[in-house]
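Engineer: For the sequence shown, the positions run 322 to 436 when this note's numbering is used. Would you mind keeping the following structure in view while I ask a few things?
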Amino acid sequence: MENSTTLPMTHSGTEPKTNGIKNIYGQTFNEFKKRQLGYSTIAIIGQSCLGSAAAMLLLMGNMEMALKMTILFFVTIFCMAFNGAVLAQLKPLTTFNLLILSIVFSTLVIIAHIF
Numbered sequence: 322m323e324n325s326t327t328l329p330m331t332h333s334g335t336e337p338k339t340n341g342i343k344n345i346y347g348q349t350f351n352e353f354k355k356r357q358l359g360y361s362t363i364a365i366i367g368q369s370c371l372g373s374a375a376a377m378l379l380l381m382g383n384m385e386m387a388l389k390m391t392i393l394f395f396v397t398i399f400c401m402a403f404n405g406a407v408l409a410q411l412k413p414l415t416t417f418n419l420l421i422l423s424i425v426f427s428t429l430v431i432i433a434h435i436f
C-alpha cells in the first residue's frame with residue numbers, strides 16, 4: 322500500500338448537516354457569550370421596551386379580565402426573569418435563553434393583538 326497510486330479522499334460529504342435554526346442559535350449564542358456585558362445592557366433596554374409595548378396592547382385589547390391579567394403576568398415575569406439573570410450574573414446560556422423566551426413571548430402577544 323505504500324506504493325499505491327490512489328488519491329487521498331476527503332470526507333467532507335460525510336459530516337452531518339445541522340439544522341439552520343440550530344446553527345443560527347449557536348452562532349448568536351457564541352457572539353452573546355463573547356460580549357455578554359455589552360449585549361446584556363442593550364438587550365435589557367430592547368426587551369423591556371418590547372415587553373411594555375406588549376403589556377400596553379394587551380391592556381387595550383378586548384379580552385376577559387382574568388385571561389388578560391394572566392398573560393400580563395407572564396409578560397412581566399419573563400421580562401423580569403431576564404433582567405434578574407443579568408443582575409445576578411447567571412451563566413451566559415441561562416441569560417441568553419431567558420432573553421429569547423422574553424422576546425418571543427412578548428412578540429407573540431403583540432402579533433396576537435395586532436391581528
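For each residue, glycine too, the CB sits at the ideal point set by N, CA and C.
Is it the case that the segment 388-407 contacts the segment 362-373, given that we only count it when at least three CB pairs across the two stretches are under 8 Å?
Structural biologist: The segment 362-373, when compared against the segment 388-407, does touch it at the 8 Å Cβ threshold.
Engineer: On the CB-based measure, 16 or more other CB atoms within 10 Å of its CB, does F426 come out buried or exposed?
Structural biologist: Classification of F426: buried, given that the 10 Å Cβ count is 16 or more.
Engineer: Given this structure, state the Cα-to-Cα distance separating I363 from L420, to the nearest angstrom.
Structural biologist: Taking the straight line from one Cα to the other gives about 11 Å.
Engineer: Could you please give the first and the last residue of the uninterrupted alpha helix (DSSP H) stretch that includes E385?
Structural biologist: No alpha helix (DSSP H) holds E385; DSSP gives it neither H nor E.
Engineer: Does the beta-carbon distance from P413 to K343 come in below 9 Å?
Structural biologist: No, they are not a contact pair.
Engineer: What separation, rounded to the nearest whole angstrom, lies between the Cα atoms of A406 and Y360?
Structural biologist: Distance between the alpha carbons of A406 and Y360 is about 13 Å.
Engineer: Just the Cα atoms here: how many angstroms apart are N340 and N383?
Structural biologist: If I take the Cα positions, the gap works out to 39 Å.
Engineer: Could you give the distance in angstroms between the alpha-carbon of N418 and the alpha-carbon of E385?
Structural biologist: About 30 Å.
Engineer: For the alpha helix (DSSP H) containing T349, name the first residue and the last one.
Structural biologist: G341 to K355 is the span of the alpha helix (DSSP H), which, as asked, contains T349.
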